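My numbering puts the first residue of the sequence shown at 4, with every later residue one more than the last.
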Amino acid sequence: MRHLIDIMDLSVKELDEMIEVAKDIIAHPDQYAHKCDGKKLATLFFEPSTRTRLSFEAAMYELGGNVLGFSEAQSSSAAKGESVADTVRTVGAYADIIAMRHPKEGAPVVGIRRSTVPLINAGDGGHNHPTQTLTDLLTISREKGKLEGLTIGLCGDLKFGRTVHSLINAMSRYPGNKFILISPDELRIPEYLKYETLEKQHIEYVETDDLEDAMPQLDILYMTRVQRERFFNEQDYLRLKDSYILTPEKLENAKEDLSILHPLPRVNEISVAVDDDPRARYFEQVRNGKFIRMALILKLLEEAKA
Ligand code: NCD
């Protein structure tokens with residue numbers, strides 16, 4: 004059984020193929036409208052979500068399938084003490100494929116142990132978020148026409164931001180990409196990512212706390228929210244939450260063809276005045292999330308059949 008727990012579960016060839024399928028879906032949606040007739044997707048969300056859950060649900064509907072699930076742990080038997088493994092095994096009796104979000108790092112690995120259907124990690128704690136990365140890759144590919152030779156600035160909470168971790172892993176696999184990691188000292192990327200991914204593969208990167216200094220070099224600026232729910236104390240969150248606020252003034256030295264991305268939700272880190280800048284692509288990124296999830300559902304259901 005094929006699952007998607009980590010972005011590294013997919014080869015570069017598979018990533019490229021899925022991006023092509025998503026582009027084909029965008030161009031010819033009618034050809035995909037009945038691909039999942041009679042199939043069901045379950046969304047098991049133990050943590051809040053707007054985009055990830057609803058884009059999965061919209062994706063399945065647009066493929067002709069149906070959706071069931073829950074959007075908070077309190078409304079499931081987790082509130083009675085059921086384990087993730089039992090919940091996933093149970094839902095496999097009703098659905099053909101599962102998307103699960105959980106606050107605990109590694110929960111999806113426990114989930115797949117007894118799963119009879121493909122399981123997709125829709126975010127596990129501060130660890131990984133592979134389907135946001137698929138969304139980001141499709142967006143970068145559509146915006147830039149390539150996934151290589153880019154200077155990517157990641158800014159904000161690089162420590163707890165799971166989308167950042169998965170994106171660094173994915174973009175490290177395409178040649179010639181360089182990372183500028185912009186964060187306060189306390190919110191730098193985890194050591195494992197620095198040593199296991201960047202250093203080991205000799206990928207060019209710099210760590211800085213200065214967004215404006217980095218700005219002129221960037222092809223992509225990936226802004227992120229400070230992840231309040233992962234902090235151990237509120238004081239630290241309050242101190243760090245407004246470390247970076249992107250405004251039109253700060254974009255004055257940016258490239259004309261910069262793409263500004265953000266996995267959303269945004270809190271304060273991008274001023275709404277930036278939304279009118281043609282380089283602001285985060286709402287287009289939201290749209291891409293549905294198409295790439297359609298491509299993912301198709302792929303995993305196809306492989307489950309084989
Ligand atoms: C992200 C997440 O859940 O990690 N949101 C999303 O899925 N688009 C980012 C965030 O919550 O800050």
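We put the beta carbon where it would ideally sit given N, CA and C, even for glycine. Keep in mind it's a predicted model, so treat the numbers as computed, not measured.
Distance between residue j and residue i (C-alpha atoms, nearest Å)
i	j	result
G128	L137	18 angstroms
N236	P219	35 angstroms
I273	C158	11 angstroms
L299	E305	10 angstroms
I183	D278	23 angstroms
S169	L141	14 angstroms
I68	E151	As written in the sequence, residue 68 is Gly, which differs from the Ile given in the question. Approximately 35 angstroms between the Cα atoms of the pair.
D260	D139	17 angstroms
G109	R233	15 angstroms
T154	P251	20 angstroms
S74	N256	42 angstroms
T211	D280	25 angstroms
S14	N172	12 angstroms
P187	E202	21 angstroms
S86	Q204	37 angstroms
T53	V275	19 angstroms
E189	E20	38 angstroms
I192	P178	21 angstroms
E17	Q238	43 angstroms
H31	I123	25 angstroms
K162	K302	31 angstroms
L57	A217	34 angstroms
G292	R231	24 angstroms
Selection from the options that minimises the alpha carbon distance to residue i
i	options	result
I248	E199, A309, A76, I185	I185
A62	K308, V289, R233	V289
I143	E23, I223, A283	I223
S79	V112, A45, L66, S58	A45
A102	R117, R116, I8, G84	I8
Y240	T211, E65, N271	N271
S29	K107, A276, L66, K147	Note on identity: in this sequence residue 29 is Ile, with Ser being the wrong assignment. Checking every option, the nearest Cα to that of I29 belongs to L66.
A307	R228, C39, K16, E210	C39
D12	Q34, N131, D212	N131
I100	K43, V229, E210	K43
S246	D213, K258, A217, I171	D213
T119	V167, V229, Y97, D33	Y97
R282	K162, Y225, V70	Y225
H105	P51, Q135, R284	P51
R284	D33, G41, R145, D27	R145
Within 8 angstroms, strictly: CB atoms of residue i and residue j
i	j	result
E207	K244	no
A82	F49	no
F59	R242	no
K133	I22	It is worth fixing the name first, because residue 133 is Pro in this sequence and not Lys. In this structure, I22 does not lie closer than 8 angstroms to P133 by Cβ.
R5	P121	yes
V94	R117	no
T55	A125	yes
G114	A76	no
S262	K107	no
E215	K253	yes
G156	L221	yes
F294	A25	yes
G84	L47	no
Residue i - DSSP class collapsed to helix/strand/coil
i	result
L7	strand
K83	helix
S175	coil
G292	helix
T154	strand
L221	coil
H168	helix
A120	Sequence inspection shows Val at residue 120; the Ala mentioned does not correspond to that position. V120 falls in the coil class under three-state DSSP.
A61	helix
A30	helix
I143	helix
E272	coil
**OP:** Give a yes or no on contact between the stretch 195-210 and the stretch 261-275, applying the rule of three or more CB pairs nearer than 8 angstroms.
**Re:** no
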